[in-house]
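Enquirer:
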Amino acid sequence: MKRIIHPLLFLATLVIFSACSSSTSTQEEKEEKKEEIIESITYHTENGKLFKLNKLSEEKVIVITPKKVAYELTRVQVASGVKYADEQKNAFWVKGNEFMWLENDKKASSGIKNLTTDEIVGYYATDFYERRHEGYDWVGVVITDLGHDHLGVEIRSRADKKEQTCFLDAEITKVSNGKYKATLNETVTYFVFDGKNVYIMADEVENNTQLNYFCSGGGSIVNHYHRIIGPLDVNQVGE
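So the sequence shown is residues 291 to 529, counted in the working numbering.
Pasting the structure below:
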């Protein structure tokens, strides 16, 4: 005897199946969306150990420690910086480019953010650059990417009112994250970047005077230069 399925029963079964499939699909989409990483940032300690911060949202992150252990942390309110923590008192605290990792509310590691070349290349200048229209002298630094862990450096100073005081063209080589060096006037010279500034200095304090060679009038390239938006003022900078 041939069994006949009632049309209403078939329709009801189809609706239930579709609802279940839709529910399952929606849940899978939620899980996939939950795990989507919107930004990944790498930090390192002084001894080279890496921490990876994977942002799932502005409020939630997954921190992967050097031991490859993953912690899901939630943003908590702090007086300074950005801090993510869990109920076990593990926390990842970021202040600028520096970080601190806490386990059971005690400091376990610290270090700085890994800088990409794009975060280093650009234009930098001394503090008086912002007051250049008032007649103040200034020195600027242009950093370009030469590839293979090498950067190009151009140091120029104001030259519209008098002969420029500082001039240098050089190539610097990466030593470690954010730190580059070159030998200038027989002196090992470091260029240290933190994402917002570049600090130029000799390997030893007493050797800083060797870098006066690239400036006149008692000036020196040894200085702190902050990042500026756009190229150096073409109406004032020397060639």
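For glycine and all other residues, C-beta sits at the position ideal for the given N, C-alpha and C. It should be emphasised that the depicted structure is a prediction, and the values quoted were computed from it without experimental measurement.
For residue 464, which residues of its own chain have a beta-carbon under 6 Å away from its beta-carbon, when the five flanking residues on both sides are left out?
Expert: As a working note, residue 464 is residue 174 in the sequence shown. 439, 470.
Enquirer: Hey, residue 435 and residue 407: beta-carbon distance below 7 Å or not?
Expert: Position 145 of the sequence shown holds residue 435. Position 117 of the sequence shown holds residue 407. Contact: yes.
Enquirer: Can you confirm whether the segment 472-488 touches the segment 497-517 when touching is taken to mean that 3 or more C-beta pairs between the two stretches lie within less than 8 Å?
Expert: Verdict: yes, contact present.
Enquirer: Name the residue from 398, 423, 371 whose alpha carbon lies nearest to the alpha carbon of residue 357.
Expert: Position 67 of the sequence shown, counted from the first residue, corresponds to residue 357. Nearest C-alpha to residue 357: 398.
Enquirer: On the DSSP letters alone, give me the boundaries of the beta strand (DSSP E) that residue 425 sits inside.
Expert: Counted from its first residue, the sequence shown places residue 425 at position 135. It is not in any beta strand (DSSP E) - residue 425 carries neither H nor E in the DSSP assignment.
Enquirer: Alpha carbon to alpha carbon, how far is residue 343 from residue 490?
Expert: Within the sequence shown, residue 343 is the residue found at index 53, counting from 1. Within the sequence shown, residue 490 is the residue found at index 200, counting from 1. Roughly 30 Å separates the two Cα atoms.
Enquirer: Specify, as a first and last residue, the run of the beta strand (DSSP E) that residue 331 falls within.
Expert: On the sequence shown, position 41 is the one that residue 331 refers to. Its beta strand (DSSP E) spans residues 329-335.
Enquirer: For the beta strand (DSSP E) that contains residue 493, what are its first and last residues?
Expert: Taking the first residue of the sequence shown as position 1, residue 493 is located at position 203. From DSSP, residue 493 is part of no beta strand (DSSP E); its letter is neither H nor E.
Enquirer: So which of 512, 507, 341 has the shortest CA-CA distance to residue 496?
Expert: Residue numbering aside, residue 496 sits at position 206 when the sequence shown is read from its first letter. Among 512, 507, 341, the Cα nearest to that of residue 496 belongs to 512.
Enquirer: Please report the Cβ distance between residue 404 and residue 487, rounded to the nearest whole angstrom; I am assuming they are in contact, meaning their Cβ atoms lie under 8 Å.
Expert: Working through the sequence shown from its first residue, we reach residue 404 at position 114. Working through the sequence shown from its first residue, we reach residue 487 at position 197. Rounded, the Cβ-Cβ distance is 17 Å, inconsistent with contact.
Enquirer: Helix, strand or coil for residue 467? Go by DSSP, reduced to three states.
Expert: The count along the sequence shown starts at 1 and reaches residue 467 at position 177. Residue 467: coil per DSSP, three-state reduction.
Enquirer: If we ignore side chains and look at the alpha-carbon of each, how far apart do residue 526 and residue 437 end up?
Expert: Mapped onto the sequence shown, residue 526 falls at position 236. Mapped onto the sequence shown, residue 437 falls at position 147. Looking at the two C-alpha atoms, the distance is approximately 29 Å.
Enquirer: If we count the other Cβ atoms within 10 Å of its Cβ and call it buried at 16 or more, is residue 366 buried or exposed?
Expert: For this step, residue 366 is matched to residue 76 along the sequence shown. The residue is exposed, with fewer than 16 neighbouring Cβ atoms inside 10 Å.
Enquirer: Per DSSP, residue 458 is paired with what?
Expert: Mapped onto the sequence shown, residue 458 falls at position 168. Paired residues: 445.
Enquirer: Return the Cβ separation of residue 402 and residue 393 in integer angstroms, given the expectation that the two are a contact with Cβ distance under 8 Å.
Expert: The residue given as residue 402 occupies position 112 in the sequence shown. The residue given as residue 393 occupies position 103 in the sequence shown. Going by Cβ atoms, the distance from residue 402 to residue 393 rounds to 19 Å, so no, they are not a contact pair.
Enquirer: Looking only at C-alpha atoms, which of 452, 382, 481, 524 sits nearest to residue 331?
Expert: Reading the sequence shown from its first residue, position 41 is the one you call residue 331. For residue 331, the nearest C-alpha among the options comes from 382.
Enquirer: Identify which residue in 433, 391, 520 has its Cα closest to the Cα of residue 373.
Expert: Translated into the one-based positions of the sequence shown, residue 373 becomes position 83. Checked all of 433, 391, 520; the closest Cα to residue 373 is 391.
Enquirer: Using C-beta distances below 6 Å, list every residue in its chain close to residue 354, excluding the 5 sequence neighbours before and after it, in chain order.
Expert: Within the sequence shown, numbered from 1, the residue matching residue 354 stands at position 64. The residues are 342, 360.
Enquirer: Taking the beta strand (DSSP E) that residue 403 belongs to, which residues open and close that run?
Expert: Residue mapping note: residue 403 aligns to position 113 of the sequence shown, counting from 1. Residue 403 -> beta strand (DSSP E) spans 396-403.
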